[in-house]
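Chemist: Top line first, the protein sequences correspond to chains U and Y.
Numbering-wise, the first sequence is residues 1 to 417 according to this note's numbering.
Numbering-wise, the second sequence is residues 1001 to 1435 according to this note's numbering.
Each residue gets a CB set at the ideal place from its N, CA and C atoms; glycine is no exception.
Nothing here was measured: the structure is a model prediction, and the numbers come from that model.
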Amino acid sequence: MPYTEECQSTLARISADNHSLSSLGFFLDSAAQWHADFDQDRVMPSVVVLGYGIPEQLVYACGTAPYHLLGGSHAACQWSDDVMPRDSDPVSRSILGHALRLAKRSDIHPLFVVPAVNDNLRKISYLLKREGCSVLPVDIPPSAASVSAQRSWEHAMDTLVKTIEQRVSGRSTSRSLRDADHFVGAARVAMVNFQKICAACEGVLSDEAILLVLHTYYLAYDLAQWTAMLNRLSTEVQARHRVLQRVATYRPRTLVVGSPILFPQYKVPSLIHDAGMRLLACIDPASTTRFASLAADEREGGTRRLMHAIARKHYAFDASSAHVVNHSMEQYVEHFISKANVEGVVFHILKGQIEYDFMLARLEPLLERHDLPVFRLETDYQAQDVEQLRIRLEAFGEMLEQRAFANGHLQAQRRYA
Amino acid sequence: MTNDAITQAQREQRHKELFASKATHMTQKYLRRMRALGGGSDLLEPFFDVLERTYVRWEDVVKPPDTPTVGTYCVQVPPELIYAAGAQPVKLCSGHYTAFSIGDDVVARDACPLVKAVAGFKHMGTLPIYENCSLMVVPITCDCKKKIAGLLQDECPVHTLPVPANKEDEDIEAFVDELYGLAAVLSEKTGQALSYESLAQAIDRMGRAQYELSRFLQLKRDSQGLLHGTHAMAVMNAASYLDVDTWADALGKLNDALAVRARTGQLVTNKDLPRILLTGSPLVFPNLKIPLLIEESGGLVVADETCMGERGLSDPVVPVDRSFDGLMRALAIRALRPCPCPTFADNSQRMYRLRQMIRDYRVEGVIYHVLRGCLVYDYEYRMVEEELEQLGVPVIRLESDYTDQDVEQIRIRTEAFVEMIKLKKGPRGASGSSR
């Protein structure tokens, strides 16, 4: 499926499922616009960030906005097929596909910032360098316990800022850093708030719509406007919930953990919905960074001190696969389970992302302690496995429903409904 | 309850016995095949014996009494530091199929077989070289090593050694810091502080082994056919399980004997066999099926560019500053700068090394080995292929796993490749190399 059609088909589905919310239109348009601009070579980014691994405040503080390439497009995977090994994961393929498209344009010469969270991104940085691109690879210390972890990370962030400053002829100051952290922090607070409201207002927005809205944070051209629109959408969701809550029906509450689910590849949330389950949240590397902004009293000091404070905060919350043990993600899963009434966990693994597969073994005892069934779902960006996944997810949903019934929760829920 | 517990214990014991029996059987099979290659295998007995002792008789590394063992992986952990701290290094990267089949159930399905075999041995808890380790030092090279470090942490003391993705000055500086951190951990473990003298002595000991290795490689280069490549790889693999002085002594004796053979023209074959270079994912004993298949198919593995082979020990430490810090820096530089491990983002150095080896060993064909799931090597295949195309050297990519099930398929492809080189060499090569 060509690039734009793939995006439009997901957007059309989300739009059809959520037609009554006027504020959602902004987010649908943002996603459509971003993809159309990319496809028609209309974007002129100066700093391209591959994946999530760096604190975006530092880029904003230099006077430019990061242009994120996160993957998610099956069509973009095909653009990198010739250079990627067979067993590489679809997210990396999609990221490189996008990056190669930008690299081949003669009218722009962006700086590619490549956080080396895994083998793929490390090698992608070299592939882009071979294509003649300006590349800044960023090492993420794999263990916070290592003697030089903090120092290496701060040094990597110093280099990042210096390189971006040179590239955009800008300069980060303590004020620009403070403003950037405040600005990004406001967007993150709005996202966390939005998630809470959606959790409380079940059924107003579809699961896919919630994911899309959160994803557009990385696609927004104007983050301040995006934040304002998100706050407006949150208000609208609350208002709509007052009307809809009487017709809410029971659906087993599932949590998706593991490989990121990225727009427009919403096969998994769509199947979870079709199987009669409710998707409470997707916990991926982006989830924890929403909490990685400085508190007001931490935004003090000179440029260097502030820069390092932002870097340290990001590193402490980083849940990327760069770590020997992904403590951030594990802790967040535990926190989420203790707060939300989760009934089952879908552990999502994209083929080739073995780092998440290793994590599953570590999470299983935790989930067992909470008496939560976990379902390992492995897939890629192809559509061939949809029916097989559908059957498995339906069985999982039925099992969760049976458990709820056996525990007496279901009757209570139905009475409430 | 007690009966259940006894039954469980008995079941576990039976499981371990079955594992031991299968594991030793598998190792013996490969040792037998290596010995059956002939051509000077009597000179290699000390090295075969080390492999047999470790994987058939399940004995620990031979070391001075009361010396703690420190397990290492990859080539970025400097053994000099471990010797200087009064410990014995043992390389734990594994090539064992039986352990792999156990590890297959323990770690992620798509993880590489090497880490699965490590996990398998650790899970069974029976092989002394793993069980007697006071510490394991795991360099964070690829994703699999990164994640296996997390897994091993739950079972034994582990020190992770972050390896930078690049080799710039600031990366070297960060790695020097990490080596200081490792030195402190080692000293704590052994109760022996590192000093300039102890480190210099350890570097000298390793230097002697490297000198013998360079002699060995020189002999191999000058008289191709002096030794089977499979045997050369077994010699270099044996270094993982021996004290460095013992290995250097044994290699010195082998070199002397090989020098005599070279002078008197005693080669393993007088035929003009296709000269093959083996590169790619690590080939760890007993997983030497690829070189064995090449040599059983009528080729000669003249050199290897793998981390358990020629790359593992050959780069010397070159201190420019006679101080403790100078030695530490020299160790860091040696571990990173010349290392053509594909874990580094920019590994164009590997292409220079391959080009040099192709010229030095007059290589006629390259076999690029990729272990299933070893992504970093797979990334570089395309670049190697392009490079070799320019040089006019044929290359094939062989993907394998830790199983015997793919042997016949690999044999067919290897035979076809060897035949193709023979045809390219012309009638002399084709007739001369028939077996």
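Given a threshold of 16 other Cβ atoms within 10 Å of its Cβ, counted over all protein chains shown, does residue 290(U) qualify as buried or as exposed?
Modeler: Per the 10 Å Cβ criterion, buried.
Chemist: Hey, would you say residue 1050(Y) sits closer than 8 angstroms to residue 1028(Y), going by beta carbons?
Modeler: no
Chemist: Just the C-alpha distance for residue 314(U) and residue 1059(Y), rounded to the nearest angstrom, thanks.
Modeler: 47 angstroms
Chemist: Would you kindly work out how many angstroms separate the C-alpha atoms of residue 343(U) and residue 274(U), rounded to a whole number?
Modeler: 17 angstroms
Chemist: Where does residue 1304(Y) fall in DSSP's three states?
Modeler: strand
Chemist: Around the C-beta of residue 1236(Y), are 16 or more other C-beta atoms found within 10 angstroms, so that it is buried, or is it exposed?
Modeler: buried
Chemist: Could you tell me the distance, in whole angstroms, from the CA atom of residue 201(U) to the CA atom of residue 264(U)?
Modeler: 24 angstroms
Chemist: At 4 residues or longer, what runs of the alpha helix (DSSP H) sit wholly inside the stretch 37-118 of chain U?
Modeler: Complete alpha helix (DSSP H) runs here, min 4: 56-61, 74-79 and 90-104.
Chemist: So, are the CB atoms of residue 91(U) and residue 116(U) less than 8 angstroms apart?
Modeler: no
Chemist: So, does the CB of residue 333(U) fall closer than 8 angstroms to a CB anywhere in chain Y?
Modeler: no
Chemist: What's the gap between the Cα of residue 367(U) and the Cα of residue 327(U)?
Modeler: 15 angstroms
Chemist: Starting from residue 1166(Y), find everything on chain U with Cβ-Cβ shorter than 8 angstroms and list it in chain order.
Modeler: 137 and 139
Chemist: Is there a C-beta anywhere in chain Y that falls below 8 angstroms from the one on residue 142(U)?
Modeler: yes
Chemist: According to DSSP, is residue 1368(Y) helix, strand or coil?
Modeler: strand
Chemist: How many Å lie between residue 1015(Y) and residue 1155(Y) at the Cα?
Modeler: 20 angstroms
Chemist: Taking C-beta to C-beta, are residue 1421(Y) and residue 1274(Y) nearer than 8 angstroms?
Modeler: yes
Chemist: Which whole-angstrom value describes the C-beta separation of residue 1315(Y) and residue 1221(Y), a residue pair presumed to lie in contact below a C-beta threshold of 8 angstroms?
Modeler: Wrong, their Cβ atoms sit about 17 angstroms apart, outside the cutoff.
Chemist: If you follow the alpha helix (DSSP H) that residue 1351(Y) is part of, which residue opens it and which one closes it?
Modeler: First-last of the alpha helix (DSSP H) with residue 1351(Y): 1348-1360.
Chemist: With DSSP as the reference, label residue 347(U) as helix, strand or coil.
Modeler: strand
Chemist: Tell me which residues of the stretch 1261-1288 of chain Y have at least one Cβ-Cβ distance to chain U shorter than 9 angstroms, keeping chain order.
Modeler: Cβ contacts with chain U come from no residue of the stretch 1261-1288 of chain Y.
Chemist: Could you tell me which chain U residues have their CB closer than 9 angstroms to the CB of residue 1160(Y), listed as they occur along the chain?
Modeler: 142, 143, 145, 146 and 324
Chemist: Chain U partners of residue 1180(Y), CB-CB under 8 angstroms?
Modeler: 147
Chemist: List the DSSP bridge partners of residue 1136(Y).
Modeler: 1071(Y) and 1158(Y)
Chemist: Residue 281(U) and residue 195(U): beta carbons closer than 8 angstroms?
Modeler: The criterion of a C-beta distance shorter than 8 angstroms is satisfied by residue 281(U) and residue 195(U).
Chemist: Applying the criterion that 16 or more other CB atoms from any shown protein chain within 10 Å of the CB defines a buried residue, is residue 418(U) buried or exposed?
Modeler: This structure cannot settle anything about residue 418(U), because the visible part of chain U is limited to 1 through 417.
Chemist: Scan the stretch 49-83 of chain U for residues whose Cβ lies nearer than 9 angstroms to a Cβ of chain C and list them as they occur along the chain.
Modeler: Absent here is chain C; the protein component of the structure consists of chains U and Y.
Chemist: Among 316(U), 405(U), 298(U) and 307(U), which one has its Cα closest to the Cα of residue 142(U)?
Modeler: Among 316(U), 405(U), 298(U) and 307(U), the Cα nearest to that of residue 142(U) belongs to 316(U).
Chemist: Do you know whose CA, among 1289(Y), 1279(Y), 1288(Y) and 1342(Y), lies nearest residue 1396(Y)'s CA?
Modeler: Taking only the C-alpha atoms, the option nearest residue 1396(Y) is 1279(Y).
Chemist: What span of residues does the alpha helix (DSSP H) with residue 1118(Y) cover, start to end?
Modeler: Where residue 1118(Y) is concerned, the enclosing alpha helix (DSSP H) stretches over 1113-1124.
Chemist: Can you round the beta-carbon distance between residue 345(U) and residue 254(U) to whole angstroms, since I take them to be within the 8 angstroms contact cut?
Modeler: The beta carbons of residue 345(U) and residue 254(U) sit about 7 angstroms from each other, so the pair counts as a contact at 8 angstroms.
Chemist: Residues in the same chain with beta-carbon distance under 8 angstroms from residue 204(U), minus the five sequence neighbours each way, listed in chain order, please.
Modeler: 21, 198, 237, 240, 241 and 244
Chemist: Tell me which residues of the stretch 1323-1347 of chain Y have at least one Cβ-Cβ distance to chain U shorter than 9 angstroms, keeping chain order.
Modeler: 1342, 1343, 1344, 1345, 1346 and 1347
Chemist: Could you give the distance in angstroms between the alpha-carbon of residue 1289(Y) and the alpha-carbon of residue 1030(Y)?
Modeler: 8 angstroms
Chemist: Measure the C-alpha to C-alpha separation of residue 361(U) and residue 1204(Y) and round it to an integer number of angstroms.
Modeler: Each residue's alpha carbon lies about 44 angstroms from the other.
Chemist: Contact defined as beta carbons within less than 8 angstroms: I believe residue 187(U) pairs with residue 223(U). What is the distance between those atoms, to the nearest angstrom?
Modeler: 6 angstroms
Chemist: How many Å lie between residue 1008(Y) and residue 1384(Y) at the Cα?
Modeler: 52 angstroms
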